[in-house]
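Visitor:
Numbering (this note's numbering), first residue to last: 793 to 1393.
Structure (structure tokens):
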């Protein structure tokens, strides 16, 4: 009997009362309680005692595995706005009508828009929409990194203020000119900003043909056909003709709709034509018949065939795992891969997602954060087209029971070579605080340390910020001061963002790598990186998307612990799968590796 089996049984037996948000009202969920109670009482006393002792034994063993302290001391400190110069605040436009988009943003991004080797930061704001007219113009924000821990607002100079009701951001060099471009998703018309390479951007949405309609969420750039150019995937949450609010609840108040109130929508795939324009190939790719309610999405390669697949989190309908067939089409295999539903066959409220090889076995695994009580899922790739949910076995299950997860990312915060996990959480409806419950609207940030076979919650040791609560949404990772320790920026709904500086001690060795594609796409999305530390091989992949509404520092930081890296091997994207191995690498600095050069600089 596994820990997950025991825990599931105990949960059913002793935790049948739970609060859920249903159809715009908070109701008490008694489903299944009386049948479970009757079955339990009918068991013999001896069997019940034996069962509970067995579960207790498993629980104690799991607890012992989880309470191992990491070798390092995690520490994240908040960068005060008075020192950073970041004074932007998200405005949701919250109204009495409770339009769902009000509770969803904002997205955030780390990006090096001016190619100076230092991470800048972008924040997405709301703005004018059919359901909201702000009192004054609202703006997105682009902050330039001054290389000294401070930032300068260059939004107006750069020309990226926006003005629509923004959601998320996808960063990618779609024209391979060496400068990252920006795609902002909105409720309504999306915007593509082309980077001019001189500190300014041009709105090329109409020319490119990527405006689209409806409510877009977590877009991402990836090269689905391996032609060396980044294409664009745009998840669509609600059809353009539908509203975003629900009627009055029985308690006389309006609450934010749960997504069951909405019809599913088809997402969009744009093919990069290589001339600054894009073609909608959704129907040809087989996506128009797949209707979902997607929040997060990530491009990854689940079967090591060199073609990028898509992992898409859906809310109240089955998740999508879109296998790239290599001929311009995708096949939805979520059900057969066992990642579409929960273990008891129910569609969950999928929100934030990521994909990484967390166990270093050479196959990409999947993660999805759900709403409270649904338990987050850590899907281990079993190498045969299937996945196994290890959330309960690794300690992540019960630790996330009362959380609603949005922004999240696998990240080696202490550079020991193992991928840890950072979660940004918050319930979608502030009305939850009106009822007594374990669930709250504002929730803590959570940091899990990878112990090898389990994840240990180290939030309490990681700094005072983890004892506070937020309505966190988008989250991105990036090393803004180039010290090799990955920092975090969190977007908070209707509030100021949080910039966290990683000060984990003792310092481990590391190597930062910026990959530059030549034959493959310049961002090297899809590249596989392996590296050896004292004979132990670790594996990373240059994914795209992930988290929620956000975009990350594209550089890979390879943690080495107390040792140095023996070698690094890059398998470049595309069906050719060209492999390069580099040795005699430096330590504790960033380098650039260009495809085909067989060297670094």
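Note that beta-carbon positions come from the ideal geometry of N, C-alpha and C, so glycine has one too. Predicted, not measured: the structure shown is a model, and the values here were computed from it.
#1: Is the number of C-beta pairs between the stretch 1303–1314 and the stretch 983–991 that are closer than 8 Å three or more?
#2: Would you say residue 1026 and residue 1082 are within 9 Å of each other, going by their C-beta atoms?
#3: Do residue 1238 and residue 1146 have their C-beta atoms closer together than 9 Å?
#4: Three or more beta-carbon pairs under 8 Å between the stretch 1041–1054 and the stretch 931–948, yes or no?
#5: Can you tell which of 937, 919, 927 has its C-alpha closest to the C-alpha of residue 906?
#6: Grouping DSSP H, G and I as helix and E and B as strand, with all else coil, what is residue 1258?
#7: To the nearest angstrom, how far is the alpha carbon of residue 1136 from that of residue 1218?
#8: I need the straight-line Cα distance from residue 830 to residue 1263, nearest angstrom please.
#9: Could you spell out the range, first to last residue, of the alpha helix (DSSP H) harbouring residue 1189?
#10: Do you know offhand how far residue 870's Cα is from residue 1251's?
#11: Name the residue from 1165, 1108, 1329, 1389 whose alpha carbon lies nearest to the alpha carbon of residue 1133.
#12: Between residue 1174 and residue 893, what straight-line distance do the alpha-carbon atoms span, to the nearest angstrom?
#13: Return the residue from the list 1178, 920, 1273, 1344 that minimises the CA-CA distance to residue 908.
#14: Starting from residue 945, follow its DSSP beta bridges and name the residues at the other end.
#15: For the putative contact between residue 934 and residue 919, defined by C-beta atoms under 8 Å, what is the C-beta separation to the nearest angstrom?
#16: Counting only the same chain and skipping the five closest in sequence on each side, list residues whose C-beta sits under 6 Å from that of residue 1130.
#17: Could you pull the start and end residues of the beta strand (DSSP E) that residue 1000 belongs to?
#18: When the Cα of residue 1168 is compared with those of 1150, 1140, 1153, which residue comes out closest?
#19: In terms of residue numbering, what span does the beta strand (DSSP E) encompassing residue 1147 cover?
#20: So residue 876 is in the beta strand (DSSP E); what residue range does that whole segment cover?
#21: Bridge partners of residue 1323, per DSSP?
#22: Please say whether residue 1283 and residue 1342 have beta carbons closer to each other than 9 Å?
#23: Cutting at 6 Å between CB atoms, please list the residues of its own chain near residue 1224, excluding the five before and the five after it.
#24: Put residue 1184 into one of helix, strand or coil per three-state DSSP.
#25: By the three-class DSSP mapping on this structure, what secondary structure does residue 1086 have?
#26: Just mark residue 1279 as buried or exposed, buried being the case when its beta carbon has 16 or more other beta carbons within 10 Å.
#27: Excluding five sequence neighbours on each side, which residues of the same chain lie with their C-beta closer than 7 Å to the C-beta of residue 1335?
#28: Out of 1287, 1364, 1302, 1275, state which residue places its alpha-carbon closest to the alpha-carbon of residue 940.
#29: Three Cβ pairs or more, each shorter than 8 Å: is that satisfied between the stretch 1324–1339 and the stretch 883–898?
#30: How about residue 1010 and residue 1086: do their beta carbons lie closer than 9 Å?
#31: Which term fits residue 1243, buried or exposed, when burial requires 16 or more other beta carbons within 10 angstroms of its beta carbon?
#32: State the Cα-Cα distance for the pair residue 1364 and residue 1215, rounded to the nearest angstrom.
#33: DSSP three-state call for residue 1005: helix, strand or coil?
#34: Could you check how far apart the C-beta atoms of residue 1394 and residue 954 are, in whole angstroms? I think they sit under 8 Å.
#35: With H, G and I counted as helix, E and B as strand and the rest as coil, what does DSSP make of residue 894?
#36: How would you label residue 1328, buried or exposed, when you count the other beta carbons within 10 angstroms and need 16 or more for buried?
Guide: With the structure as the only source:
#1: no
#2: For the purposes of this step, residue 1026 is identified with residue 234 of the chain shown, where counting begins at 1. For the purposes of this step, residue 1082 is identified with residue 290 of the chain shown, where counting begins at 1. For residue 1026 and residue 1082, no; Cβs fall outside 9 Å.
#3: Sequence index remark: in the chain shown, residue 1238 carries index 446 (1-based). Sequence index remark: in the chain shown, residue 1146 carries index 354 (1-based). Taking 9 Å as the Cβ cut-off, residue 1238 and residue 1146 do not qualify as a contacting pair.
#4: no
#5: On the chain shown, residue 906 is found 114 positions in, with the first residue counted as 1. That would be 937, whose Cα lies nearest to the Cα of residue 906.
#6: One-based indexing of the chain shown puts residue 1258 at position 466. In this structure, residue 1258 counts as helix in the three-state DSSP scheme.
#7: Mapped onto the chain shown, residue 1136 falls at position 344. Mapped onto the chain shown, residue 1218 falls at position 426. Roughly 25 Å between the two C-alpha positions.
#8: Your numbering for residue 830 matches position 38 in the chain shown. Your numbering for residue 1263 matches position 471 in the chain shown. Because the pLDDT of residue 830 is 37, which lies under 50, any placement of that residue in the model is unreliable, and the question is left without a value.
#9: As a position in the chain shown, residue 1189 is number 397, starting the count at 1. Start and end: 1188–1191.
#10: Here residue 870 is taken as the residue at index 78 of the chain shown, counted from 1. Here residue 1251 is taken as the residue at index 459 of the chain shown, counted from 1. Those two C-alpha atoms are separated by around 14 Å.
#11: As a working note, residue 1133 is residue 341 in the chain shown. Measuring from the Cα of residue 1133, the nearest candidate turns out to be 1108.
#12: By 1-based counting over the chain shown, the position of residue 1174 is 382. By 1-based counting over the chain shown, the position of residue 893 is 101. In a straight line, the C-alpha of residue 1174 is about 37 Å away from that of residue 893.
#13: Walking along the chain shown from the start, residue 908 turns up at place 116. Answer by Cα proximity: 1273.
#14: Along the chain shown, read from residue 1 onward, the residue named residue 945 stands at position 153. Its beta-bridge partners are 935.
#15: Looking up residue 934 in the chain shown gives position 142. Looking up residue 919 in the chain shown gives position 127. Contact doesn't hold; Cβ gap of about 15 Å is too wide.
#16: Looking up residue 1130 in the chain shown gives position 338. If we look at residue 1130 and ignore the five residues flanking it on each side, its Cβ neighbours are 1178, 1179.
#17: By one-based count along the chain shown, residue 1000 stands at place 208. No beta strand (DSSP E) contains residue 1000, which is instead part of the alpha helix (DSSP H) from 997–1000.
#18: Taking the first residue of the chain shown as position 1, residue 1168 is located at position 376. Selected option, being the one with the closest Cα: 1140.
#19: Reading the chain shown from its first residue, position 355 is the one you call residue 1147. Segment 1145–1148, the beta strand (DSSP E) holding residue 1147.
#20: Position 84 of the chain shown, counting from 1, holds the residue named residue 876. Premise fails: residue 876 lies in the alpha helix (DSSP H), 873–876, not in any beta strand (DSSP E).
#21: Position 531 of the chain shown, counting from 1, holds the residue named residue 1323. In DSSP, residue 1323 forms a bridge with 1330, 1360.
#22: Within the chain shown, numbered from 1, the residue matching residue 1342 stands at position 550. Within the chain shown, numbered from 1, the residue matching residue 1283 stands at position 491. Yes, Cβ-Cβ distance for residue 1342 and residue 1283 is below 9 Å.
#23: Taking the chain shown and counting its residues from 1, the one referred to as residue 1224 is at position 432. 1231, 1233, listed in sequence order.
#24: For the purposes of this step, residue 1184 is identified with residue 392 of the chain shown, where counting begins at 1. Three-state result, residue 1184: helix.
#25: As a first step, residue 1086 must be located in the chain shown, where it is residue number 294. It is a strand residue.
#26: Locating residue 1279 in the chain shown gives position 487, where the first residue counts as 1. Classification for residue 1279: buried.
#27: To locate residue 1335, count along the chain shown from 1; it is residue 543. 1090, 1091, 1092, 1147, listed in sequence order.
#28: Against the chain shown, residue 940 aligns to sequence position 148. Residue 940 has its Cα closest to that of 1275, out of 1287, 1364, 1302, 1275.
#29: no
#30: Against the chain shown, residue 1010 aligns to sequence position 218. Against the chain shown, residue 1086 aligns to sequence position 294. Result yes, Cβ atoms of residue 1010 and residue 1086 sit closer than 9 Å.
#31: In the chain shown, residue 1243 corresponds to position 451, counting from 1. Classification of residue 1243: buried, given that the 10 Å Cβ count is 16 or more.
#32: Indexing the chain shown from 1 puts residue 1364 at position 572. Indexing the chain shown from 1 puts residue 1215 at position 423. Distance between the alpha carbons of residue 1364 and residue 1215 is about 30 Å.
#33: Along the chain shown, read from residue 1 onward, the residue named residue 1005 stands at position 213. Note: residue 1005 maps to coil in three-state DSSP.
#34: Residue 1394 falls outside the range modelled here, since the chain spans only 793 to 1393, and no answer is possible.
#35: As a first step, residue 894 is located in the chain shown; it is residue number 102 there, counting from the start. In this structure, residue 894 counts as helix in the three-state DSSP scheme.
#36: Within the chain shown, numbered from 1, the residue matching residue 1328 stands at position 536. It is exposed - the Cβ of residue 1328 has fewer than 16 other Cβ atoms within 10 Å.
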